[in-house]
Amino acid sequence: PAEELHRRIVAAKAALGSRVSILGHAYQRDEIVEHADFVGDSFQLAQQSQRHPEAEFVVFCGVHFMAETADLLTTPDQPVILPNLAAGCSMADMADIDSVQACWEQLEALYGTEPDADGRVPVIPVTYMNSAAALKGFCGAHGGIVCTSSNAREVLEWAFERGQRVLFFPDQHLGRNTAKAMGVDVARMPVWDPRKPRGGNSAEALADARVVLWRGWCSVHQRFTVEQIAAARAANPDVRVVVHPECPMEVVDAADEAGSTQYIQRVVDAAPAGTAFAIGTEVNMVRRLADTRPDLTIDCLDPVVCPCSTMYRIHPAYLAWVLESLLEGRVVNRVSVDPDVAANARTAVERMLAVHP
Ligand code: 13P
Ligand code: SF4
74 PAEELHRRIV AAKAALGSRV SILGHAYQRD EIVEHADFVG DSFQLAQQSQ
124 RHPEAEFVVF CGVHFMAETA DLLTTPDQPV ILPNLAAGCS MADMADIDSV
174 QACWEQLEAL YGTEPDADGR VPVIPVTYMN SAAALKGFCG AHGGIVCTSS
224 NAREVLEWAF ERGQRVLFFP DQHLGRNTAK AMGVDVARMP VWDPRKPRGG
274 NSAEALADAR VVLWRGWCSV HQRFTVEQIA AARAANPDVR VVVHPECPME
324 VVDAADEAGS TQYIQRVVDA APAGTAFAIG TEVNMVRRLA DTRPDLTIDC
374 LDPVVCPCST MYRIHPAYLA WVLESLLEGR VVNRVSVDPD VAANARTAVE
424 RMLAVHP
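Using the UniProt record's numbering, the letters of the sequence shown map in sequence onto residues 74 to 430.
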């Protein structure tokens, strides 16, 4: 029963005291968030994972790629624990290292490897945080960088200072929305499709690229539509529509504002009483925003939107289990990045942290 799990988590956490630091992503359910020492978006959680060197263990209530990133940033003797190892991310799974290598080979064959007169290399690879550590390692090894939704623009600026073009994976929408807002012509953002056989992506479409996007998306944010925005405005012409940049371009264009989890939180925090919002992001986060500001009207843009099913896999029973195991001297569900990729992956993450400290 829920009350018993709650009681067991509280007891185990109290017994562990400062030995454990519990981090929670903003999309986690309330029954998890209430136990977290810190709640934030993926960028803030990466920062936080560096800030508790005194904790013996980090319990990461989020998804696998975030726990991997925390493992890169914590000290080597500080295990990072993901309460349920099946909490992955369908978007992160849309790019694997073999496909990225195949894409890279095609781009090298097309654009060469020599810098231009300004010293800019032909392509800089940029991976969204939502990717496996091996892809971050690829970026680190090829002069590239990681970004999150809260710093994608600054990271792309960094990349364009060093490269003539960018290869952006795995989320096509974040790449397109961010580059478009920077003035890049959408016609110069071809989409590379990893499902096509080697050589199956048209060289002609890639020839004039400024940003090569990847055919990947978030199953939660892809569900928001222009029709939902029209319905929200029809119901209340004064509604402020705010969406996450993982939404499709037409949705971002039709919204009043688009921004990361952190941005959406700030917009709501700063809103005067009485403001009505329709928010296009994960429903646990939207519900929590509504609970914390009862003086506002906050609805999810999609009335039947489901939560992120993989974030939801962090059930309180798993949190109770990993904490009680620590009390018994057992570290379960540790996430460790393969040492073969860790150094390069850390380089790519640290480049991001330097661009956006
Ligand atoms: P942020 O935490 O960067 O806003 O990303 C949203 C997301 O989809 C996390 O998986
Ligand atoms: Fe992945 Fe989307 Fe879930 Fe984030 S919200 S973990 S991008 S599926």
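Positions of the beta carbon are idealized from the N, C-alpha and C atoms, including for glycine.
Which partner residues does residue i have in the DSSP bridge list?
i    : result
D372 : A351
Y201 : C220
V239 : I197 and V284
H98  : G113
V315 : E330 and I352
G154 : In the sequence under discussion, the amino acid at residue 154 is Ile, which differs from the Gly named in the question. Paired residues: V132 and R407.
V93  : F130
W265 : W287
Can you tell me whether residue i is buried or exposed, with buried defined as 16 or more other CB within 10 angstroms of its CB?
i    : result
P198 : buried
G113 : buried
V259 : exposed
E187 : exposed
C379 : exposed
K269 : exposed
D244 : buried
R424 : buried
D375 : buried
P430 : exposed
S172 : buried
P318 : buried
P74  : exposed
A165 : buried
A190 : exposed
E141 : buried
Give every residue of the same chain whose Cβ lies closer than 8 Å to the Cβ of residue i, excluding the five residues on either side of it in the sequence, and list them in chain order.
i    : result
K86  : V93, I95, H108 and L396
A282 : R238, R261, M262 and P263
T251 : A225, R226, L229 and P318
Please work out which residues of its chain come closer than 7 Å, Cβ to Cβ, to residue i, disregarding the five sequence neighbours upstream and downstream, and give them in chain order.
i    : result
D144 : V153, V408, S409 and V410
Q121 : L96, F111 and G113
R127 : Position check: residue 127 holds Glu in this sequence, whereas Arg was assumed. Cβ neighbours of E127 beyond the five flanking positions: S91.
A418 : L145, A206, K209, G210, G213 and V410
Give every residue of the same chain whose Cβ lies closer than 6 Å to the Cβ of residue i, excluding the five residues on either side of it in the sequence, and list them in chain order.
i    : result
T420 : G213
A351 : A305, V312, V314, D372 and L374
request  = Determine, using beta-carbon pairs with one atom in the segment 223-235 and one in the segment 157-173, whether at least three such pairs fall under 8 Å.
outcome  = no
inquiry  = Whether or not the segment 331-339 and the segment 351-358 are in contact is what I'm after, with contact meaning three or more pairs of Cβ atoms, one per stretch, closer than 8 Å; do they touch?
reply    = yes
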